[in-house]
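Chemist: Structure incoming, see below.
Number of protein chains: 2
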Amino acid sequence: MTRFAFTVEYDGRPFMGWQRQAHGPSVQQAIETAIHAVTGETAVVHAAGRTDAGVHGIAMRAHADVEKPIAPFRLMEALNARLRPDPVAILDCAVVPDDWHARFSCVGRSYVYRIVNRRAPLTFEQGLAWRVIQPLDTQAMHDAAQLLVGLHDFTTFRSAHCQSASPVKTLDRLDVAREGDRIAIHAAARSFLHHQVRSMVGCLAMVGMGRWTAQDLRAALEAKDRAALGLNAPPDGLYFLRAAYADADTATRT
Amino acid sequence: MTRFAFTVEYDGRPFMGWQRQAHGPSVQQAIETAIHAVTGETAVVHAAGRTDAGVHGIAMRAHADVEKPIAPFRLMEALNARLRPDPVAILDCAVVPDDWHARFSCVGRSYVYRIVNRRAPLTFEQGLAWRVIQPLDTQAMHDAAQLLVGLHDFTTFRSAHCQSASPVKTLDRLDVAREGDRIAIHAAARSFLHHQVRSMVGCLAMVGMGRWTAQDLRAALEAKDRAALGLNAPPDGLYFLRAAYADADTATRT
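Residue numbers (the working numbering), protein chains in the order written: chain A, 92 to 345; chain B, 92 to 345.
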């Protein structure tokens, strides 16, 4: 048995999310089906983050165990050939120790959320960004975002379906940057609650629209109550960006 | 009668190109149909550039004459509502003088061509960039590109269907820049021949792969013969970026 670590890029639009579902296609299922086609084996693919329906992956990390002797490069090429026409691509494939786990060994996760701030509907970015019509004050958003950085009880920013043992998390980074009508929000933490990034982005958008002050955001955080949430941003603009591991070399080798 | 100038963004994937065609959908037809739905009028939409099938627009400029009295902002909003679900968006709409012409008044055009330089298939960029598997030496591409800048007979880089009176054009800019596995090639000129950007990009890719030297590119240019072309890049990565007009204020006002 060999454990392979993958770096995966995917377009979340046609999927019900990362995780295998009874009622529709998932990224996990697409990769597991490809592994079966290549090896004849029924492998289970574990990921650093289980993204929701419509959320995308730029460099998701995942792993699976394979019995068949095969070189990482050949496995990657074979999987990419079998994944077509699904919009899922294996960018990197490496052999990792048997105790390396894409989810449990992961010590840092980062997301980017993309907003297009304009009136006109999206064209080639339809489903790949959140269009916000109201002009957003990104400096106010960035400043308010810093209130969320650090150790907090993020109950307000947590989905009712969140399975995390605790709502207390340390947010390492929440940056808002604008380039023309494109806004990118970068978030990094050891781990996130379900819907946390989208909920934080939604509330920052409230600040950017001038409907909330930074103080309103602070009050929402301190309420520790989902009902205090201003807005949950749609999945369209959310991308799982990167996963970090303590042993850097196992995470990057092909 | 009022002449309106539009700035148009579009995803070229579902279209046979900008220009109205008997055998399939076009961006021009989509906008003309929307104008008819809004005004009841049969307007003709003229564009700064008539992009090919699969080529995209970031800020194409166009114009049309409308009899119905309507404010630019209202016309833009109504057109965008009618254009759905086609991936075409009016980003800007302004009243211009009756002799302003999106094509004939245009004094400068720029394109960007996007390459993703990696082995893995594309996911959310499928149809929006050219994937090149071979590692490309972008510095060699940029250096070679400078041989094409200036006044030249671009017959080698011209489609057999090109309707331009002369193959002699002045290329103002051809820059190649890399950011990670993303390569952007910017091209600017008063006007381009049919397929010129894609033909130049294809030959620069030959240089980047090491299959051509800069001297081979110069020889291809000097051959003034379509048969000397190394490679025509696919439409997927090509975006009409911007059109320039002598009277700057007519081109930017909403």
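Heads up, the beta-carbon is just placed ideally off N, CA and C, and yes, glycines get one too. Remember, predicted model here, so these are calculated numbers, not experimental data.
Consider the Cβ of B:A139: report whether some Cβ of chain A lies at a distance smaller than 9 Å.
Modeler: Taking a beta-carbon distance threshold of 9 Å, B:A139 does not count as an interface residue toward chain A.
Chemist: Count the other C-beta atoms from every protein chain shown that fall within 10 angstroms of the C-beta of A:K159, then say buried if there are 16 or more, exposed otherwise.
Modeler: exposed
Chemist: Go to B:E158, then tell me how far its alpha helix (DSSP H) extends in each direction, as first and last residue.
Modeler: Counting along the chain, B:E158 falls outside any alpha helix (DSSP H), and DSSP gives it neither H nor E.
Chemist: Taking all protein chains shown into account, decide if B:G293 is buried (16 or more other Cβ within 10 angstroms of its Cβ) or exposed.
Modeler: buried
Chemist: Can you list the residues of chain A that B:Y101 reaches, using a CB-CB cut of under 9 Å?
Modeler: One finds T214 and F215 in chain A with Cβ atoms closer than 9 Å to the Cβ of B:Y101, taken in chain order.
Chemist: Can A:S201 and A:R333 be called in contact, C-beta distance under 9 Å?
Modeler: Yes, the pair counts as a contact, with Cβ atoms nearer than the cut-off.
Chemist: Could you tell me the boundaries of the alpha helix (DSSP H) in which B:R249 lies?
Modeler: Counting along the chain, B:R249 falls outside any alpha helix (DSSP H), and DSSP gives it neither H nor E.
Chemist: Could you tell me whether any Cβ in chain A is nearer than 9 Å to the Cβ of B:H147?
Modeler: yes
Chemist: Does the beta carbon of A:A180 sit closer than 9 Å to a beta carbon anywhere in chain B?
Modeler: yes
Chemist: Mind checking whether B:T261 and B:L238 have CB atoms under 9 Å apart?
Modeler: B:L238 sits away from B:T261, with the two beta carbons spaced by 9 Å or more.
Chemist: Would you say A:L329 and A:Y204 are within 9 Å of each other, going by their C-beta atoms?
Modeler: yes
Chemist: By the three-class DSSP mapping on this structure, what secondary structure does B:N323 have?
Modeler: coil
Chemist: Just to confirm before moving on: does the CB-CB distance between A:R210 and B:E168 stay below 9 Å?
Modeler: yes
Chemist: Is the shortest distance between the beta-carbon of B:A125 and the beta-carbons of chain A less than 9 Å?
Modeler: no
Chemist: Would you mind stating whether B:S250 and B:H286 have Cβ atoms separated by less than 9 Å?
Modeler: yes
Chemist: Which residue or residues does DSSP assign as beta-bridge partners of B:S201?
Modeler: B:A279 and B:R333
Chemist: Taking one C-beta from the segment 220-230 of chain A and one from the segment 103-111 of chain B each time, how about it: are there three or more such pairs within less than 8 Å?
Modeler: no
Chemist: Can you name the residues of chain B whose CB is closer than 9 Å to the CB of A:D171?
Modeler: In the sequence on display, residue 171 of chain A carries Asn and not Asp. Simply R210, A211 and P212.
Chemist: On the CB-based measure, 16 or more other CB atoms within 10 Å of its CB, does A:A140 come out buried or exposed?
Modeler: The sequence shown places Gly at residue 140 of chain A, rather than the Ala named in the question. Of the residues assessed, A:G140 falls on the buried side of the cut-off, its CB having 16 or more other CB atoms within 10 angstroms.
Chemist: Since I believe B:R194 is in contact with B:A138 (beta carbons under 8 Å), could you give me their beta-carbon distance rounded to a whole number of angstroms?
Modeler: 7 Å
Chemist: At a Cβ cut of 9 Å, what residues of the segment 216-228 of chain A count as close to chain B, listed as they run along the chain?
Modeler: Residues E216, Q217, G218 and L219.
Chemist: Count the other CB atoms within 10 Å of the CB of A:Q119; is the residue buried (16 or more) or exposed (fewer)?
Modeler: buried
Chemist: Could you spell out the range, first to last residue, of the beta strand (DSSP E) harbouring B:I122?
Modeler: Per DSSP, B:I122 belongs to no beta strand (DSSP E); it is in the alpha helix (DSSP H), V118 to T130.
Chemist: Using the beta-carbon of each residue, which ones in chain A are nearer than 7 Å to B:R175?
Modeler: P212
Chemist: Between which two residues does the beta strand (DSSP E) containing A:H243 stretch?
Modeler: Start and end: G241 to D244.
Chemist: Compare the C-beta of A:E158 with all C-beta atoms of chain B and state if any pair is closer than 9 Å.
Modeler: no
Chemist: At a Cβ threshold of 9 Å, is A:M151 touching chain B?
Modeler: Not an interface residue.
Chemist: So if DSSP puts A:N208 in a beta bridge, which residue, or which two residues, is it bridged to?
Modeler: A:V223
Chemist: Give a yes or no on whether the minimum CB-CB distance between A:T343 and chain B is below 9 Å.
Modeler: At A:T343 the pLDDT is 46, less than 50, meaning the model places this residue with poor confidence; the figure from the coordinates comes in the next sentence. No - not a single Cβ of chain B is within 9 Å of the one on A:T343.
Chemist: Identify every residue that forms a DSSP beta bridge with A:F97.
Modeler: Answer is A:A153 and A:C184, bridged to A:F97.
Chemist: Determine, for B:R194, whether the minimum Cβ-Cβ distance to residues of chain A falls below 9 Å.
Modeler: no
Chemist: Taking A:D266 as the reference, which of A:G131, A:A296 and A:V146 has the closest Cα?
Modeler: A:A296
Chemist: Do A:N323 and A:I274 count as a contact pair if the criterion is CB distance below 9 Å?
Modeler: no
Chemist: Roughly how many whole angstroms lie between the Cα atoms of A:P157 and A:L170?
Modeler: It should be pointed out that residue 157 of chain A corresponds to Val in this sequence rather than to Pro. Those two C-alpha atoms are separated by around 13 Å.
Chemist: If we ignore side chains and look at the alpha-carbon of each, how far apart do A:A185 and B:A153 end up?
Modeler: In a straight line, the C-alpha of A:A185 is about 50 Å away from that of B:A153.
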